[in-house]
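Chemist: Here you go, one structure.
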Amino acid sequence: YKLQKHIAKALKAQLQAIQMALERYNTAAATMSPPRSPLSWDQVVEYAFLADFDLLRDCQQDVSERPWARPAARLAMDRYFKMERAREEIRRLNIEIKRVITHMQDKEAFLAAKEKEVTQ
Numbered sequence: 002y003k004l005q006k007h008i009a010k011a012l013k014a015q016l017q018a019i020q021m022a023l024e025r026y027n028t029a030a031a032t033m034s035p036p037r038s039p040l041s042w043d044q045v046v047e048y049a050f051l052a053d054f055d056l057l058r059d060c061q062q063d064v065s066e067r068p069w070a071r072p073a074a075r076l077a078m079d080r081y082f083k084m085e086r087a088r089e090e091i092r093r094l095n096i097e098i099k100r101v102i103t104h105m106q107d108k109e110a111f112l113a114a115k116e117k118e119v120t121q
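Counting from 1, position 116 in the sequence shown corresponds to residue 117 in the numbering used here; the numbering is continuous, with no gaps.
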């Protein structure tokens, strides 16, 4: 769902160019033999994966048949990249944990010093 929202936001940024391309596609799709089904803006926004995009299926090179466009391969790639991002996050957190601990120790030392000043 987040991916669809992100794609929709990116598509809206290029709205005019995409709508012109969509009009051209629909014009060309109607003249083909057999005619291809036209696409609406709502359909384009809903597409989250290349394999689901009919425009790419109907071109000379059917990218939906590529190994990276198959659902199982996409799922494996998604999981792989999520694990890579998790590893990166662990590395960043290991650094951040040290910073937080140092901050806590410094604050404790500062407060102890101020407490000593106040009590004397």
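The beta carbon of each residue, even a glycine, is placed where N, CA and C say it ideally should be.
Do P39 and A29 count as a contact pair if the criterion is CB distance below 7 Å?
Modeler: No; because the gap between Cβ atoms is not below 7 Å, this pair is not in contact.
Chemist: Are P68 and A77 closer than 7 Å when you measure CB to CB?
Modeler: Not closer than 7 Å, so no.
Chemist: Along the chain, where does the alpha helix (DSSP H) containing L128 start, and where does it finish?
Modeler: In this structure the chain extends from 2 to 121, so residue 128 is not present and cannot be described.
Chemist: With DSSP collapsed to three states, give me the class of R25.
Modeler: Residue state, collapsed to three classes: helix.
Chemist: In whole angstroms, what separates the C-alpha of A110 from that of I102?
Modeler: Each residue's alpha carbon lies about 12 Å from the other.
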